[in-house]
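Novice: Could you have a look at this structure, given as structure tokens, before my questions?
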Amino acid sequence: MSVLVGVIMGSQSDWETMKHACDMLEELGVPYEKRVVSAHRTPDLMFEYAASASERGLKVIIAGAGGAAHLPGMVAAKTELPVIGVPVKTSTLNGMDSLLSIVQMPGGIPVATVAIGHAGATNAGLLAGQILGAFDPELQQKVRARREAIRLTIESSVL
Ligand code: RP5
Numbered sequence: 001m002s003v004l005v006g007v008i009m010g011s012q013s014d015w016e017t018m019k020h021a022c023d024m025l026e027e028l029g030v031p032y033e034k035r036v037v038s039a040h041r042t043p044d045l046m047f048e049y050a051a052s053a054s055e056r057g058l059k060v061i062i063a064g065a066g067g068a069a070h071l072p073g074m075v076a077a078k079t080e081l082p083v084i085g086v087p088v089k090t091s092t093l094n095g096m097d098s099l100l101s102i103v104q105m106p107g108g109i110p111v112a113t114v115a116i117g118h119a120g121a122t123n124a125g126l127l128a129g130q131i132l133g134a135f136d137p138e139l140q141q142k143v144r145a146r147r148e149a150i151r152l153t154i155e156s157s158v159l
């Protein structure tokens with residue numbers, strides 16, 4: 001099956017967080033690719049990746065970065081595909097720097113920003129699955145079943 005989601009991150013050090021997006025895509029059976037693409041250290045690669053993503057068949061891009069986290073916004077500037085931004089938690093400012101760098105996009109160039117860290121990365125994978133699921137009933141059913149399993153777990157919680 002062709003790759004539908006591109007998972008990119010600004011550094012190898014983001015993988016601990018971004019692997020949770022990949023785990024979710026695997027759980028949902030969504031074909032994806034993953035690679036390190038840095039807005040600051042490999043700007044030409046970033047532009048090339050974003051500009052060619054649509055013609056390569058990708059449908060959604062998940063971009064994670066920390067600190068001066070310009071990757072999601074700059075990628076969004078170069079593609080019409082939906083971009084989901086994951087703020088990676090930093091040791092210096094707890095990811096608030098990442099969050100604010102990603103979330104405050106100017107009108108006209110959206111990035112769907114999720115929570116800082118692990119939960120955000122998980123939700124990024126899930127959100128990509130939900131976007132694709134709108135056009136894929138089988139995938140949408142997987143999302144539905146997953147939610148149902150969560151509901152049952154919560155309702156049967158014993159304290
Ligand atoms: C950002 O700088 C990356 O997304 C990463 O979160 C942060 C630190 O990168 P390293 O110095 O660990 O490579 O570009």
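For the sequence shown, the UniProt record's numbering begins at 1 and goes up steadily by one. For glycine and all other residues, C-beta sits at the position ideal for the given N, C-alpha and C.
1. So, using beta-carbon positions, are A65 and G107 closer together than 7 Å?
2. Verify the contact flag: S11, CB atom, against every heavy atom of ligand 1, threshold strictly below 6 Å.
3. Following a CB-centred definition, is D44 positioned closer than 6 Å to any heavy atom of ligand 1?
4. Going by other Cβ atoms of all chains shown within 10 Å of its Cβ, with 16 needed for buried, is G57 buried or exposed?
5. Find the nearest neighbour of P87 within the set S101, E155 and D136, judged by alpha-carbon distance.
6. Around the Cβ of I61, are there at least 16 other Cβ atoms within 10 angstroms (buried) or fewer (exposed)?
7. Following the continuous beta strand (DSSP E) through R151, name the residue where it begins and the one where it ends.
8. Use the C-beta contact count for G29: other C-beta atoms within 10 angstroms, 16 or more gives buried, fewer gives exposed.
9. Buried or exposed for N123, please, with buried defined as at least 16 other CB atoms from any protein chain shown within 10 angstroms of its CB.
10. Among the residues of its own chain, which have a CB less than 6 Å from the CB of V37, if the five just before and after it don't count?
11. With a floor of 3 residues, list each beta strand (DSSP E) that falls wholly inside the UniProt domain "PurE" (3-154), ordered by position along the chain.
12. Quick check: is any heavy atom of ligand 1 less than 6 Å from the C-beta of D97?
13. Below 6 Å, is the gap between the Cβ of G125 and the nearest heavy atom of ligand 1?
14. Give me, in chain order, the residues of the same chain whose beta-carbon lies closer than 7 Å to that of A77; leave out the 5 immediate sequence neighbours on both sides.
Specialist: In brief:
1. As a working note, residue 65 is residue 65 in the sequence shown. As a working note, residue 107 is residue 107 in the sequence shown. For A65 and G107, no; Cβs fall outside 7 Å.
2. Against the sequence shown, residue 11 aligns to sequence position 11. At least one heavy atom of ligand 1 is nearer than 6 Å to the Cβ of S11, so yes.
3. What you label residue 44 is simply residue 44 of the sequence shown in a count that begins at 1. Not one heavy atom of ligand 1 sits closer than 6 Å to the Cβ of D44.
4. Here residue 57 refers to the residue found at position 57 when the sequence shown is read from its first residue. Around the beta carbon of G57, a 10 Å sphere encloses fewer than 16 other beta carbons of the protein chains shown; the residue is thus reported as exposed.
5. If you number the sequence shown from 1, residue 87 lands on position 87. Nearest C-alpha to P87: S101.
6. Position 61 of the sequence shown, counting from 1, holds the residue named residue 61. With 16 or more other Cβ atoms inside 10 Å of its own Cβ, I61 counts as buried.
7. Numbered from 1 along the sequence shown, position 151 holds the residue referred to as residue 151. If you look at R151, you'll find it isn't in any beta strand (DSSP E); it sits in the alpha helix (DSSP H) that goes P137 to E155.
8. Translated into positions along the sequence shown, residue 29 becomes position 29. Result: exposed.
9. As a first step, residue 123 must be located in the sequence shown, where it is residue number 123. It counts as buried.
10. Here residue 37 refers to the residue found at position 37 when the sequence shown is read from its first residue. These residues qualify, in order along the chain: I8, L45, M46 and Y49.
11. Listed in chain order, the beta strand (DSSP E) runs fully inside the UniProt domain "PurE" (3-154) are 5-9, 32-36, 60-66 and 83-88, counting runs of at least 3 residues.
12. Start at 1 with the first residue of the sequence shown, and residue 97 comes out as number 97. No; taking the cut-off as 6 Å, the Cβ of D97 has no heavy atom of ligand 1 nearer than that.
13. Position 125 of the sequence shown, counted from the first residue, corresponds to residue 125. Not so, every heavy atom of ligand 1 lies at least 6 Å from the Cβ.
14. Along the sequence shown, one-based indexing puts residue 77 at 77. The residues are I109.
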